[in-house]
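Take a look at the structure set out below.
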Amino acid sequence: MASCKCEQNLESQYQELQKVFDKYRTVQGALIPLLQEAQEIFGYLPGDVMKKISREIGVPFSKTFGVATFYSQFHLKPRGRNIIRLCQGTACHVRGAAKVFEAVSNDLGVDRNETTEDRRYTLETVACLGACGLAPVMMVNDDTHGRLTPDKAIAEIKKYD
1 MASCKCEQNL
11 ESQYQELQKV
21 FDKYRTVQGA
31 LIPLLQEAQE
41 IFGYLPGDVM
51 KKISREIGVP
61 FSKTFGVATF
71 YSQFHLKPRG
81 RNIIRLCQGT
91 ACHVRGAAKV
101 FEAVSNDLGV
111 DRNETTEDRR
121 YTLETVACLG
131 ACGLAPVMMV
141 NDDTHGRLTP
151 DKAIAEIKKY
161 D
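According to full-length UniProt numbering, the sequence shown is numbered sequentially starting from 1.
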């Protein structure tokens with residue numbers, strides 16, 4: 001996950017967003033890059049930010065919202081500092097991924113695609129991480145952890161506290 005500037009205060013975030021608007025003002029088809037940079041600034045795409053983007057570039061909000069919800073790279077809710085992706089592919093499933101997910105979910109107190117209240121973790125499931133030989137497998141941020149048991153998964157996650 002790219003580091004966001006979400007620790008800044010709201011006023012400075014909007015100032016930063018204004019610089020992004022200035023950068024793309026004359027660029028045709030700039031909606032996706034604008035959304036990407038706005039998400040980098042805020043850590044996610046708040047509704048008021050998407051409305052401001054729509055107004056600035058003169059596109060209907062429905063189009064901006066449609067693009068933001070179509071692409072999985074965009075997030076409409078705040079995310080955790082650590083993104084946990086648990087593979088649910090066939091090899092992982094056969095080797096106990098459901099039990100790993102259940103244990104991690106219970107330990108963190110969140111379900112699929114939810115973020116802990118302290119915003120330390122966001123728990124996601126993915127169809128495949130491409131590491132079937134390590135099944136069951138998860139990624140925490142950019143780190144891959146394989147041959148998991150429920151207890152091993154929880155222990156690995158605790159290292160990111």
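Quick reminder that beta carbons are idealized off the backbone N, C-alpha and C, glycines included.
All figures in this text were calculated on a predicted structure; none of them were measured in a lab.
Contacting residues, own chain, Cβ-Cβ under 8 Å from residue i (five flanking each side not counted)
i	result
Val49	Leu17, Ala38 and Phe42
Asn9	none
Asp151	Ala103
Exposed unless 16 or more other CB atoms sit within 10 angstroms - verdict on residue i
i	result
Cys92	buried
Gly80	buried
Val27	exposed
Ile32	exposed
Arg25	exposed
Val137	buried
Lys23	exposed
Val100	buried
Ala98	exposed
Anticipated Cβ contact below 8 Å, residue i with residue j, distance rounded
i	j	result
residue 169	Thr125	A question about residue 169 goes unanswered here, because the residues of the chain that appear run from 1 up to 161.
Leu35	Val67	7 Å
Lys77	Thr115	7 Å
Leu134	Arg85	About 13 Å separates the two Cβ atoms, so there is no contact after all.
Extent of the continuous alpha helix (DSSP H) run through residue i
i	result
Pro60	Note, Pro60: premise wrong, no alpha helix (DSSP H); not H, not E.
Gln28	Where Gln28 is concerned, there is no enclosing alpha helix (DSSP H), given that its DSSP letter is neither H nor E.
Proximal residues to residue i (C-beta, below 6 Å), its chain only, five neighbours per side dropped
i	result
Arg112	Thr125
Glu156	His145
Neighbourhood of residue i by C-beta, 7 Å cutoff - its chain only, sequence neighbours within 5 removed
i	result
Leu108	Thr116, Tyr121 and Leu123
Phe65	Met50
Arg147	Leu134
| request: Would you mind listing the alpha helix (DSSP H) stretches within the stretch 72-159 that are 4+ residues and don't spill past its ends, in chain order? | output: 90-94, 97-108 and 150-158
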